[in-house]
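Heads up: the sequence shown begins at 1 in the working numbering, then just goes up one per residue.
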Amino acid sequence: MWSTVRSWRRKQEKLLNSQRSLIAMMKKAMHLQDMEVKNATKWKETIKNQRMRISTEFSKLHHFLAEEELLILQRLSKEDEDTKKKLSVNMLRLNQTITSLKKLISEVGEKSLASTLELLQNPKDVLTRSDTQDLNYSPEVLRVKTPCQIPLMKEMLKRFQVAVSLAEDTAHPKLVFSQEGRCVKNAASASTWPVFSTAWNYFAGWRNSQTSTQFAEKFQYLPCVLGKNVFTSGKHYWEVETRDGLEIAMGVCREDVMGITDRSRMSPNVGIWAIYCSSGGYRPLTSLSGIPTKQEPALQRVGVYLDHGAGNVSFYSVVDGVHLHTFSFSLVSRVRPFFWLSPLASLVILPVTDKK
């Protein structure tokens with residue numbers, strides 16, 4: 001009898017202890033619930049404040065960019081006015097010269113029709129003035145000096161940076177590559193000494209292009225190579241460096257350009273959107289030849305930004321973020337990085353840096 005009572009009391013005590021433990025746990029859970037409610041309220045307020053802070057800071061940035069745009073446009077307007085004044089002075093000077101020459105031409109013509117006696121008496125004055133005429137003038141090549149330099153553009157472009165590698169299968173036979181494949185050089189000038197050229201390239205760390213077992217079309221006529229990357233959508237950015245100051249071209253192209261035989265044909269007309277650059281400046285690669293635009297400091301690193309969806313490719317100076325040129329294209333589904341190198345020129349595709 002007593003053993004049954006003791007057993008019942010032990011079980012009852014266990015149940016009561018369990019109940020007390022569960023009650024304590026429930027109180028703790030309710031306390032934690034209250035804390036989470038407070039956290040949720042606090043989080044809602046924090047998000048509200050952060051949203052306001054982001055909006056405020058972007059408003060400041062928009063205001064800052066608007067001010068910068070206004071300042072740059074004001075500088076451009078001043079440059080425009082100064083250049084127009086200079087052109088007006090030049091036009092006035094040329095008009096005065098033309099008027100003076102017309103008058104002198106008329107006077108010389110009249111003298112040439114004068115009688116023999118009049119010609120013998122006083123031809124020296126007109127002849128002297130005619131001989132002393134000098135048109136010491138040459139039109140100035142006008143270049144815009146106010147750069148298109150957008151604050152924070154370099155940082156924004158870095159967000160779209162991709163690793164571009166060279167498709168050695170597509171390379172012209174005269175192009176040689178560094179061991180890791182990021183650098184390419186045009187070794188054409190050494191072609192008359194093939195044995196020496198091969199040995200020099202080996203000791204200098206260069207090698208010929210590596211051909212895979214898969215068939216690939218090559219550039220047979222022009223010293224060009226494509227990138228392995230095929231872009232069909234999205235935004236992409238990569239950087240190219242030239243260290244020797246010799247002329248190179250970089251940009252994007254369609255995949256069917258490898259049969260081009262003439263350098264002068266490299267242009268948007270055949271599906272190549274690129275720029276030439278060297279120590280002497282840069283110019284868009286178009287069917288119309290032009291004078292290179294001088295870039296200070298000398299252009300060594302160029303950023304290529306492809307916005308496939310918008311149908312354009314833009315070029316920037318990596319050093320200062322100055323915009324160089326933008327091409328537009330349409331109805332092109334696939335484009336690839338494009339590179340052309342003049343004799344002995346070399347270029348490096350820079351590795352991807354940290355994206356902020």
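Idealized CB from N, CA, C, for every residue including glycine. Remember, it's a predicted structure, so these values are computed and weren't measured experimentally.
In the three-state reduction of the DSSP assignment, H323 falls in the strand class, which pools E and B. For L226, the enclosing beta strand (DSSP E) starts and ends at C224 to G227. Of N17, A188, T170 and S165, the smallest CA-CA separation from Q179 is found for S165. F231 sits close to V335, with the two beta carbons spaced by under 7 Å. By the 16-neighbour rule on beta-carbons within 10 angstroms, V37 is exposed. Taking 7 Å as the cut-off, the Cβ atoms of Y282 and L324 count as close. DSSP places M156 outside any beta strand (DSSP E); the residue lies instead in the alpha helix (DSSP H), whose first and last residues are M153 to K158. Look at F329 here: in three-state DSSP terms it is coil, with no helix or strand label. Residue burial is scored here from C-beta neighbours: N49 has fewer than 16 other C-beta atoms within 10 angstroms and is therefore classed as exposed. DSSP places P337 in the strand class (E or B) of the three-state scheme. Residue state for F219 is assigned as coil, using DSSP reduced to three classes. A distance of 7 Å or more separates the beta carbons of C183 and V352.
N312 places its beta carbon 7 Å or farther from that of S333. Where D307 is concerned, the enclosing beta strand (DSSP E) starts and stops at R301 to D307.
The beta-bridge partner set that DSSP reports for I272 consists of C253. By the criterion of a C-beta distance shorter than 6 Å, V318 is surrounded in its chain by E239, R301 and G303, once the five residues flanking it on both sides are discounted. Setting aside the 5 residues that flank it on each side, A188 is surrounded in the same chain by K174, P223, P343 and L344, each with a C-beta closer than 8 Å to its C-beta; the list follows chain order. In its chain, beyond the 5 residues on either side, S165 and A167 have a beta carbon closer than 6 Å to the beta carbon of K228.
In this structure, DSSP gives K185 an extended state, which the three-state scheme calls strand.
Ranked by Cα distance from D307, the options W273, W340, D80 and M91 are led by W273. For P343, no beta strand (DSSP E) encloses it, and the DSSP letter there is neither H nor E. Going by DSSP, S264 is part of no beta strand (DSSP E) at all; its letter is neither H nor E. E67 sits in a helix when the DSSP states are folded into three classes.
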